[in-house]
Each structure stands twice: as structure tokens, then as C-alpha cells.
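Chemist: Chains as they are written, first to last, in the UniProt record's numbering: chain A, 1 to 211; chain B, 1 to 211. Idealized CB from N, CA, C, for every residue including glycine.
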């Protein structure tokens, strides 16, 4: 956005003296309020200045950041989620590692009949176990997984921002995207997707392309 | 940004008929070009319409996305990078795993004297090795690492966008942030940081806060 010399000057004045009224700005420029009206409209519409009734104009240099924040918080987990990779609870640690390599994911979700979430197993969990001298062909993932209700989850309608925040707060690489099973006694959740730092990275790259 | 009824109408016309000249828009609205001038200025300044000499106005609904893209591509790797976790080439696989757990990182950088990059070792590499029945107390990471010049790297002055793009393209979780050693015969790179999907996720969350 190209600003005229006078518009640049107005911004400087508001930055320095804001909040400041239109009359006061006009005075400083030796112009009438009417002359400035189009410039002030343009600067306000463009989000560079903000006008508050009975207060005046002030500089909103954070306009760009707010545009960005708005956009980021509007995108939903459901818009970017991946296909979940699931294994049953009696899957051996060995088979879990093989599945992880074949599917090229960092986290597996452990489910029972109906795709209901029982737990999650990360690369870290598997690495720790393979190091521990267990018989990984016999040991089931159910023994080493993080079990419900200690699993951090996300929902399709959560904002990507909230889900990304959860990844950081709980220091996990991925969250199962779930749907609460209506009327279930035990607070059952069906796994319907996977949300990871890779999804965030992909979205970030897409946003940077101005897509 | 609040638009007047007339400005909304102008946008609709340009969306449908653009590129279209100011005269043509005025004609459709039964107004003079002069009457429309302030509206067209405001819409152009706000980035909603674009004007090209001898072509006319066209709709740039992607204005918001461009603001965002501009911002994302301006942030540098050096602004967000983390401390690198390094091990020497003769470090055993067992000690590498222990370092990874203690430091809580997904990738280790293998360096020689002077912090010069020799290779990288990921959780995946270590998991594959612990599974393979090797004597991980004796096997050095130098044997299993991805070795230079096959390591994907990034520089402090690269945009975060470019680095994130590299993470996706090369399907890696992290890139060593390096500085070329001036005058080195063998194209040596000193490791000065770590850039991972966690850094991207953290930045994404910060941007969403409008920080």
C-alpha cells in the first residue's frame, strides 16, 4: 500500500501524539479538518489508524499482526488433519515399530473395536522399550502406551491454533483427532484423524505462499 | 474494516467484471467517475482492489493472504532457532539415545573438533538400530548417521518459510543451522543452531496470539 507524503506525516503525528483528534492533526498541519477527511478515512480503512469516538485517532501498528492472528485462529483442525494410523492393544512392540516405519509416522494410536481410543504410542516410547532388553516380539504396546484418560486429544472443530498450543504445552508431537461417542458410559472417543507438528508446518508453508 | 453499501457494490462489480475501468464501474452505477474516486482510492489502498494502468481495476481477495505471506517470509531462521545438541562421531548408539532423552530432542548433530558438521542422527535412525540386534554399546553413531554432504541444512539468514519448506520436502524433523567456515577446503560448516517442526509450531502459536 502506497501512502502519500501527507498520509505518512499524519501517521507520524498520530504515532507521537495519539490519541489525537482530527482537529488537532489539522492544526499541526495548518490545514482544515475537511481537507484531511479523505486521508484520515483511508488510513482508518486500511487499518493503520484507529478512531475512537470522543477519544481521537491512535496508531494501530499491530493491524497486520491482527489480520494474521485472525486468519490463523479461524482455520480448523478438521481442515488440515491427516489419516490416523492405528494398532490394536495386543499389537507387539516389534509390529508397532514396523507399522511406524511403513506408515512413516511418529505416533500410533491404539484403539479397540470401533476405532475407540485406548492410548497412544510415540517413537520415544518405542525407543525406550527397544533399549530396555524386553522381548519386543511378545510385549504388547498396551503395556507401554500412554493410556486414556491421560491422552491429549483434539476435536475437528478446534482451531489449529488451539491444537498447536496443546502440542507445545504437553510436549507431544501429535494429537489424535477424536469425536465423542454420544451416550457412551465411559466417555468413549472415536479416532477420526491425526494432527501433528507436520500439519502445522505444512499449513505454515501454505500460508507463506499466500495460497 | 467496515465498507459502505456503495463500496460493497463496487467490489461485487469488480469481482464479476474485472478487470474493469473506473468509467465502466461508474456507468454501471449511474454515477460519475469523480463521485467514485474516493471509494476506489479507499478500496485500492486497503488492498481489496488492485488498479493497473491501461487495464483497470480487479479484485484482489488475496490481500489478507499476502499480508500474512509477507510477514511469514520476513522472519529469519536466526530469530527462532534453538540450541543444537551435538555428539562426537565415536559416541555409541546407546549414549546417543541417552543424550536424546536427557536433552529431549528428536535429532542429534554429529560434529568433529570445532563444532564442524559431520552428520545427523534421528530418532528413526536410532530406533532402527536398537531393533537390529547390534551391540549398541559398541556401535558408534558415525556408522548409522546420515553423513555430509547428504545432510539438509539451513542458514541463519534463510527465511523460516524456506526452512519449513525444506523440512517438508526432505521429510526430516529438524535441520542443523550452520555457518560456512570461510576459506575451508572441504566446504566445512559450523553448527550454530537447530531448526525443527517445534520451532515452526511455536512461531505459529505466537503469530496466532497477534504478538
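At which residue ranges does the stretch 111-183 of chain B contain complete alpha helix (DSSP H) runs of 4 or more residues, listed in the order of the chain?
Modeler: The stretch 111-183 of chain B contains these whole alpha helix (DSSP H) runs: 123-131, 141-144, 160-169.
Chemist: As an exercise, report each continuous alpha helix (DSSP H) stretch of at least 4 residues that is fully enclosed by the stretch 17-104 of chain B, in chain order.
Modeler: Whole alpha helix (DSSP H) segments, 4+ residues: 22-28, 33-45, 63-74, 77-80, 93-103.
Chemist: Determine the burial state of residue 81 of chain A: buried for a count of at least 16 other Cβ atoms within 10 Å of its Cβ, exposed for fewer.
Modeler: Buried is the call here.
Chemist: Distance cutoff 8 Å, beta carbons only. Does residue 146 of chain A sit that close to anything in chain B?
Modeler: So no, residue 146 of chain A is outside the interface.
Chemist: Since residue 163 of chain A contacts residue 204 of chain B with CB under 8 Å, what's their CB separation in whole angstroms?
Modeler: With 8 Å as the limit, residue 163 of chain A and residue 204 of chain B do not qualify as a contact, their Cβ atoms being about 10 Å apart.
Chemist: According to DSSP, which residues form a beta bridge with residue 195 of chain B?
Modeler: Its beta-bridge partners are B/175.
Chemist: DSSP state of residue 9 of chain A, grouped into three classes?
Modeler: Note: residue 9 of chain A maps to helix in three-state DSSP.
Chemist: Determine, using beta carbons only, whether residue 156 of chain A comes closer than 8 Å to chain B.
Modeler: No, its Cβ sits nowhere closer than 8 Å to a Cβ of chain B.
Chemist: Taking buried to mean at least 16 other C-beta atoms within 10 Å of its own C-beta, is residue 102 of chain B buried or exposed?
Modeler: Per the 10 Å Cβ criterion, exposed.
Chemist: Taking just the CA atoms, how far does residue 179 of chain B sit from residue 104 of chain A?
Modeler: For residue 104 of chain A and residue 179 of chain B, the distance between alpha carbons rounds to 31 Å.
Chemist: Would you say the beta carbon of residue 176 of chain A comes nearer than 7 Å to a heavy atom of the ligand COA?
Modeler: What this structure holds is no ligand at all, so the ligand COA is not there to describe.
Chemist: Tell me whether the stretch 73-89 of chain B and the stretch 127-145 of chain B touch, counting them as touching only if at least three CB pairs, one residue from each stretch, are closer than 8 Å.
Modeler: Touching, yes.
Chemist: Can you find a C-beta in chain B that's less than 8 Å from the C-beta of residue 186 of chain A?
Modeler: It does not; no Cβ of chain B falls within 8 Å.
Chemist: Using only alpha-carbon positions, find the residue among A/78, A/146, A/74, A/123 that is nearest to residue 95 of chain A.
Modeler: The shortest C-alpha separation from residue 95 of chain A is found at A/123.
Chemist: I'd like to know whether the C-beta of residue 127 of chain B is nearer than 8 Å to at least one C-beta of chain A.
Modeler: Yes - at least one Cβ of chain A is within 8 Å of the one on residue 127 of chain B.
Chemist: Does the stretch 14-22 of chain A come into contact with the stretch 47-59 of chain A, if we say contact requires no fewer than three beta-carbon pairs (one atom in each stretch) closer than 8 Å?
Modeler: In short, these stretches touch, since the Cβ pair count reaches three.
Chemist: I want to see whether chain B comes within less than 8 Å of residue 194 of chain A, judged by CB atoms only; does it?
Modeler: False, the Cβ-Cβ gap to chain B never drops below 8 Å.
Chemist: Measure the beta-carbon distance from residue 116 of chain B to residue 72 of chain A and round it to whole angstroms, keeping in mind my assumption that it falls under 8 Å.
Modeler: Not a contact, Cβ separation roughly 38 Å.
Chemist: Within the 8 Å Cβ cut-off, does residue 102 of chain A reach chain B?
Modeler: No, residue 102 of chain A does not count as interfacial toward chain B.
Chemist: Given a threshold of 16 other Cβ atoms within 10 Å of its Cβ, counted over all protein chains shown, does residue 211 of chain B qualify as buried or as exposed?
Modeler: Summary for residue 211 of chain B: the model assigns pLDDT 45, below 50, so the residue's position carries little reliability, and this model does not support an answer.
Chemist: Would residue 153 of chain B pass as a contact of residue 118 of chain B if the rule is Cβ separation under 8 Å?
Modeler: In this structure, residue 118 of chain B does not lie closer than 8 Å to residue 153 of chain B by Cβ.
Chemist: Among the residues of its own chain, which have a CB less than 6 Å from the CB of residue 27 of chain A, if the five just before and after it don't count?
Modeler: Correct list: empty, nothing qualifies.
Chemist: Just the Cα atoms here: how many angstroms apart are residue 192 of chain A and residue 182 of chain A?
Modeler: Looking at the two C-alpha atoms, the distance is approximately 15 Å.
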